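S.K.: Just so you know, the protein sequences line up as chains A and B, in that order. Quick note on numbering: the first sequence equals residues 10 to 173 in my numbering. Quick note on numbering: the second sequence equals residues 21 to 561 in my numbering. Note that the Cβ used here is the ideal one computed from N, Cα and C, for glycine as well. Keep in mind the model is a prediction, meaning the values are calculated, not measured.
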Amino acid sequence: MTTDEINYKIQQIVDNKKNLPGALLPILHDIQHEFGFIPEQAISIVAYSLNQSDAEIFGVISFYAHFRMKQTGRHVIEICRGEACQSMGSGALEAAAQSQLNIEYNQTTKDNNFTLEPVYCLGNCACAPSVKVADKVYGRMNSEKFTKLTDTLATYKINVGELA
Amino acid sequence: MAITLFVPRDTSALSMGADDVVQALKFQCQDLTDDVTIVRNGSRGLFYLEPLVEVLTPKGRVAYGPVQIEDVESLLAQGLLNGNSDHPLYLGLTEEIPYLAKQQRLTFSRAGIIDPININDYIEHEGFSGLSKALAMFEQGSDNGQQKIVDEIKTSGLRGRGGAAFPTGIKWQTVLDAKSTSEAQQKYIVCNADEGDSGTFSDRLLMEADPFSLIEGMIIAGLAVGANQGYIYLRSEYPQANIILEQAINTAYQQNFLGNNIQQSGQKFDLEVRIGAGAYICGEETSLLESLEGKRGLVRAKPPLPAIEGLFGQPTIVNNVISLATIPTILAQGAQYYQDFGVGRSRGTLPFQLAGNIKQGGLVELAFGTTLAELINDFGAGSYSGVPLKAIQVGGPLGAYLPENQWATELDYEAFAKIDAVLGHGGIVAFDDTVDMTAQARFAMEFCVAESCGKCTPCRIGSVRGVEVINKMTKAQQQSENSAEELAELNTLLVDLCDTMVDGSLCAMGGMTPIPVRSIMNHFSDDFVATADKFNAKEIN
Ligand SMILES: Cc1cc2nc3c(=O)[nH]c(=O)nc-3n(C[C@H](O)[C@H](O)[C@H](O)COP(=O)(O)O)c2cc1C
Ligand code: SF4
Ligand code: FES
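1. Can you name the residues of chain B whose CB is closer than 8 Å to the CB of Ser152(A)?
2. Do Ala247(B) and Tyr208(B) count as a contact pair if the criterion is CB distance below 8 Å?
3. In chain C, which residues lie with their C-beta within 9 Å of the C-beta of Ile295(B)?
4. Kindly identify the DSSP beta-bridge partner or partners of Asp452(B).
5. Helix, strand or coil: how does DSSP classify Ala64(A) here?
6. In or out: Asp160(A) buried (at least 16 other Cβ within 10 Å) or exposed?
7. Per DSSP, Pro371(B) is paired with what?
8. So the candidates are Ile70(A), Gly45(A), Gly91(A); which of them puts its Cα closest to the Cα of His84(A)?
9. Considering Cα atoms alone, identify which of Pro534(B), Pro536(B), Ala450(B), Gln267(B) is closest to Pro408(B).
10. Could you tell me whether the Cβ of Ser35(B) comes closer than 8 Å to any Cβ of chain A?
11. Does Ala22(B) come out as helix, strand or coil in the three-state DSSP assignment?
12. Would you list the residues whose beta-carbon is nearer than 6 Å to any heavy atom of ligand 2, in the order they occur in the chain?
13. With respect to 7 Å, is the separation between the Cβ of Ala44(B) and the closest non-hydrogen atom of ligand 1 below this value?
14. Using a 10 Å radius around the Cβ and a threshold of 16 neighbouring Cβ atoms, would you call Cys467(B) buried or exposed?
15. Should Arg564(B) be listed as close to ligand 1, given that the test is whether its C-beta is under 7 Å from any heavy atom?
16. Quick one: complete beta strand (DSSP E) runs, 3+ long, within the stretch 227 to 266 of chain B?
17. Can you confirm whether Thr164(A), when its beta carbon is compared against all beta carbons of chain B, has any partner nearer than 8 Å?
18. Below 7 Å on C-beta distance, what does Pro30(A) contact in chain B?
19. Does the Cβ of Ser108(A) have 16 or more other Cβ atoms within 10 Å, making it buried, or fewer, making it exposed?
20. Going by alpha carbons, who is nearest to Lys46(B) out of Leu120(B), Ile58(B), Tyr358(B)?
21. Nearest by alpha-carbon distance to Ala321(B): which of Ala244(B), Asp197(B), Ser94(B), Cys473(B) is it?
22. Residues of the stretch 92 to 111 of chain A in Cβ contact with chain B at a cutoff of 8 Å, in chain order, please.
23. Mind checking which residues open and close the alpha helix (DSSP H) that includes Thr188(B)?
24. Can you list, in chain order, the residues of its chain whose CB lies under 7 Å from that of Tyr114(A), leaving out five sequence neighbours each side?
25. Rank Leu34(B), Trp192(B), Arg294(B) by C-alpha distance to the C-alpha of Leu29(A) and give the top, closest one.
26. Between the stretch 111 to 132 of chain A and chain B, which residues of the former have CB atoms less than 8 Å from a CB of the latter, in chain order?
27. For the beta strand (DSSP E) containing Gly482(B), list its first residue and its last residue.
28. For a quick check, are the C-beta atoms of Ala411(B) and Leu395(B) less than 8 Å apart?
29. Could you tell me whether the Cβ atoms of Cys130(A) and Gly216(B) are closer together than 8 Å?
30. Please report whether the beta-carbon of Phe72(A) lies at a distance below 8 Å from any beta-carbon of chain B.
31. Let me check one thing: in DSSP terms, what residues is Ala83(B) bridge-paired to?
32. State the Cα-Cα distance for the pair Phe544(B) and Asp456(B), rounded to the nearest angstrom.
33. For Ala213(B), list the residues DSSP reports as bridge partners.
34. Less than 8 Å between the C-beta atoms of Gly65(B) and Leu383(B), yes or no?
35. Name the one or two DSSP bridge partners that Leu37(A) has.
36. Is there at least one Cβ from chain A nearer than 8 Å to Ser256(B)'s Cβ?
Here you go:
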């Protein structure tokens, strides 16, 4: 997409929702959903349309862990760090995942396949440890299953990419 | 022959492979002469058995679990479709599984039984009978229908299930009595579905297994206080709950349970889901309102109470998912019926959530007054790892870690307060003997560093200092000769720091972070700092 196209798309999203009471979070969600992150230029477009300052919009984006302003890898893998998962060995899982992918939290692998993020509870605490990829949660995770999971995700995505 | 199977589609069942099992079932049943329907119900909350496959038989529903994709073939071969008992995964009649049979299910009475988004299924299982009772209170030609509903809630003794345990009826009365400052006389019902506590999943399960009960509770709340707009503030970590809620709300609109002139009663109520964005503090009610208004989730000073000046400055009920979903039961069965469950000032039931290192994790709804020991032994069946349990954290990341000699404490708000612990949201997380208690204390502080809204110093800075001090203690322990002295000093420092956070924080985030830390210092003093990082090395299977 060209810059103009991106701007146009953002403006469309904003116009769609700006009349909702408390519209900012729904707007930011839609933008992130569209682009996978919130592009820099969105800040002033949103600010202008909602009659707020750029600083206010940036302040909101930066407050929430869910919003990001950087492109991620093809798959964002969230590993739960909540206590229930800890009690089932999520510490070891985190370490194994980081060493397997050779990245730390909030980083993306060189091949751009995976971004690793921490998350605090997925509500799957009775089947801990838990991991989430996109909208799918995986229970009773361990390093072995994690390797299989990343293998499957990587293969699948490359195939789809080649077809497209 | 027509055969009905049930395979849940709640997050936990899906996380254990329920979709794969459904695919395998469909594939292997396609050539049968029998006509097989698979209903995607919600989970019964027996998560250690998920995916739980049920088949409807003349005797009732028969269960098999936990079913993996590779079990499907043998299950079918050994008569799954007739409810045969020959398979090792056979569990008998679902209702007779002791874990379920021993519960007292009121709020979760429909969970796992109905198709969560099938409104007829809901109605057939007494759904909307609470709403009918509420509407009838208006119809009897009375001008005090609102007060009657609020009185019913007061009589029930229901206290908010979101953690603070504030009497729901009194909150509603305040909103009913409050004057809206807007011309439209706007008031709001806000459902707190931010459920951020670790070890806690009752809100999620309720929304995924029986969303109409929440919707019904919110409509009744709206009727009671004169609010015609509701919002469910749902955390972004719960995408499956979002999907199911949206489907249920759409259906409720189509069937005229939401919108204008609800069931020809002349009443109106609109409902919308709003998604949070990964901030634990947005579970705090004023922070949640700021977030709903499109701002950073900074905690507001109280007063004014949200009941008087809440969302967009208007009178607002903020209630937890379970509090609201319990309302229909109270109206349908009567306040007295509900209030007859429980002990002391803790009336009714609480959905306890067994999680972490426990063999049989899941949701256990019981009247207040049972004990942790009963829950973890009778229901939980001990640790998952097989290693004896050592500590149990109750009430989420801001709750105390309890040692074994406290597991006999009755689960009721006051009894827990007496031992410097909290019930919170009813989340129970078990840790086995390999747990590093120092790491848990440090984590409590780390969590506060990550999740503090930043508005006040004791919480924002205190938590950073807390992590530092615990790190220094570990270091002191490992090194120098004069470590005993140094450790004692650091210990005093940590105690002081905790006091400052308790006394000086604006909200319970900073005010309660010391609870887990102090509980570890008090009850696990032998372990505190003494152990190495053995915990991180462990993986359980
Ligand atoms: C840091 C913090 C986090 C909270 N998180 C939640 C939450 O996730 N869900 C919830 O219902 N209440 C939460 N609460 C309690 C709410 O502030 C509030 O008491 C509750 O939503 C009121 O509803 P209830 O009376 O039905 O419990 C939290 C409170 C604090 C201080
Ligand atoms: S105690 Fe912490 S979370 Fe609460 S208002 Fe203060 S800084 Fe914010
Ligand atoms: S603590 Fe990990 S899913 Fe709840």
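M.R.: This is what the structure holds:
1. Think of a sphere of 8 Å around the beta carbon of Ser152(A): the chain B residues whose beta carbon falls inside it are Glu559, in chain order.
2. Yes. Within cutoff.
3. No chain C appears in the structure shown, which is made up of the protein chains A and B.
4. BP columns for Asp452(B) point to Leu409(B).
5. Helix, per DSSP.
6. Exposed is the label assigned to Asp160(A), since fewer than 16 other Cβ atoms lie within 10 Å of its Cβ.
7. Note: Pro371(B) sits in a beta bridge opposite Glu385(B).
8. Closest by alpha carbon: Gly45(A).
9. The residue with the shortest Cα to Cα distance from Pro408(B) is Ala450(B).
10. Closer than 8 Å: yes.
11. Correct three-state label for Ala22(B): strand.
12. Counting only beta-carbon distances shorter than 6 Å to the non-hydrogen atoms of ligand 2, the qualifying residues in chain order are Ile301(B), Val319(B), Ser472(B), Cys473(B), Gly474(B), Lys475(B), Cys476(B), Cys479(B), Arg480(B), Ser525(B), Leu526(B), Cys527(B), Met529(B), Gly530(B).
13. Relative to the non-hydrogen atoms of ligand 1, the Cβ of Ala44(B) never comes closer than 7 Å to any of them.
14. According to the sequence as given, residue 467(B) is Phe; it is not Cys. Within 10 angstroms of the beta-carbon of Phe467(B) lie 16 or more other beta-carbons, which makes it buried.
15. Outside the displayed span of chain B (21 to 561) sits residue 564(B), for which this structure offers no information.
16. Segments of the beta strand (DSSP E) lying fully in the stretch 227 to 266 of chain B: 249 to 254.
17. So, not an interface residue.
18. Near Pro30(A) (Cβ distances below 7 Å), the residues of chain B are Phe332.
19. Ser108(A) should be labelled exposed.
20. If we check each option's Cα against that of Lys46(B), Ile58(B) comes out closest.
21. It is Cys473(B).
22. Those residues of the stretch 92 to 111 of chain A placed with their C-beta closer than 8 Å to a C-beta in chain B are Glu92, Ala93, Cys94, Gln95, Ser96, Met97, Gly98, Gly100, Ala101, Leu102, Ala104, Ala105, ordered along the chain.
23. Judged by DSSP secondary structure, Thr188(B) falls within the alpha helix (DSSP H) whose first and last residues are 188 to 197.
24. Correct list, in chain order: Leu125, Glu126, Pro127.
25. The alpha carbon of Leu29(A) has as its nearest neighbour, out of Leu34(B), Trp192(B), Arg294(B), the alpha carbon of Arg294(B).
26. Under the 8 Å Cβ criterion, the stretch 111 to 132 of chain A contributes Val128, Tyr129, Cys130, Leu131, Gly132.
27. Not the beta strand (DSSP E): Gly482(B) falls in the alpha helix (DSSP H), residues 477 to 498.
28. It is not a contact, given that the beta carbons lie outside the stated cut-off.
29. Yes, they are a contact pair.
30. Taking 8 Å as the threshold, the shortest C-beta distance from Phe72(A) to chain B falls below it.
31. Answer is Glu74(B), Gly112(B), bridged to Ala83(B).
32. Computed Cα separation, rounded: 10 Å.
33. DSSP output for Ala213(B) lists Leu254(B) as bridge partner(s).
34. Closer than 8 Å, so yes.
35. Paired residues: none, contrary to the question.
36. With 8 Å as the cut-off, Ser256(B) counts as an interface residue toward chain A.
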